[in-house]
Amino acid sequence: MWTGISWPGFLLLVLAAWTVVGALGVGFSLKRGERTKALRDLGWIVAVWMIYLAVLVGVSVSSRPRSVAMGQEQCFGKLCLTAIKAEARPSFLARQGERDLRVSIRMTNHSDRRLEDHGLEAHLEDSRGRRWYEVPGLGGVRLSTTVGAGESMVSAPVFRVAPDAAGLRLVLSHGRSVTYLLRIGDRDSLLHAPVYTPLAISEEP
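When we follow the working numbering, the leftmost residue of the sequence shown carries the number 9, and every step to the right adds one.
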């Protein structure tokens, strides 16, 4: 089961459904030769979307970057994630001084039903804005794994970063998914300020 839909998600869903119905109406009007009505209805669709996008951008540009400390939950609906540990670990495949970092993330389901979030992913950023994504096959449990009601499990993605990477921070997001880019006030919405966790990195014994 997914993590549930928020009010911004519900609003986008309603707007998308209304747009589909409106587009069908425009098509039928054109088919019947009612060009004036079709253009009027199309104008309404464009106007509503322009207003919606203006509100989305306005909310996003007024947002501020938010730092979530290690050990503190950040929630996606009822599914909450907590960065609990970050360790530098030896790697035999790293090249040119790269190093591997394993970040342990606890996933907790605070609902009374099974939850999963297939689009959720993690990446690291440094103080220069460079990004590193998870190395496939090294993290074990994935962030998209289903979590039982009231249960917790730990995902430990591994990232291979440059030797000069400093000020590393963990970012949890839904990537560039359009359904999140167009949600008003969502952390993944267009131009929204980032939410991140600064990492305190220890050496793996």
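All residues carry an ideal CB built from backbone N, CA and C; glycine is no exception.
On a Cα-Cα basis, can you pick out the residue from G33, V67, A208, E42 that is closest to I53?
G33
Excluding sequence positions up to five away, which residues of its chain have a Cβ less than 6 Å from the Cβ of R191?
P16, G17, L20, S197
Which runs of the alpha helix (DSSP H) spanning at least 4 residues fall entirely within the stretch 19-86, listed in chain order?
As summarised for the stretch 19-86, the continuous alpha helix (DSSP H) elements at least 4 residues long and confined to that stretch are 43-69, given in chain order.
Straight-line Cα distance separating L189 from R114:
25 Å
Within 10 angstroms of its Cβ, does Q80 collect 16 or more other Cβ (buried), or is it exposed?
exposed
Compare the C-alpha of S185 against each of V22, R150, E129 and name the closest.
E129
Please list the terminal residues of the continuous alpha helix (DSSP H) segment that includes T226.
The structure shown does not extend to residue 226, since the chain spans only 9 to 213, so no value can be given for it.
Same chain, Cβ closer than 8 Å to V63, neighbours up to 5 away in sequence not counted
I192
Nearest to L181 by alpha carbon, out of A25, G127, D172?
Here residue 181 is Ser; the residue named in the question, Leu, does not match the sequence. Nearest option by C-alpha distance: G127.
Output yes or no for whether 7 Å exceeds the beta carbon distance between Y141 and V179.
Result no, Cβ atoms of Y141 and V179 do not sit closer than 7 Å.
For the pair the stretch 157-172 and the stretch 115-122, tell me if three or more CB-CB distances fall below 8 Å.
yes
Does the distance from the CB of D134 to the CB of A94 come in under 7 Å?
no
In this structure, how does DSSP classify V203 when only helix, strand and coil are distinguished?
strand
Could you give the residue range of the alpha helix (DSSP H) that holds L178?
Taken as a continuous stretch (DSSP letters only), L178 belongs to no alpha helix (DSSP H), being part of the beta strand (DSSP E) at 177-181.
Is the Cβ-Cβ distance between V4 and L146 less than 7 Å?
No answer is possible for residue 4: it lies beyond the span of the chain, which begins at 9 and ends at 213.
For L89, which three-state DSSP category applies?
strand
Where do the N-terminal and C-terminal ends of the beta strand (DSSP E) with L123 fall, by residue?
Here L123 belongs to no beta strand (DSSP E), and DSSP marks it neither H nor E.
Per the DSSP calculation, R97 is bridged to which residue(s)?
D108
Quick check on DSSP: helix, strand or coil for V186?
helix
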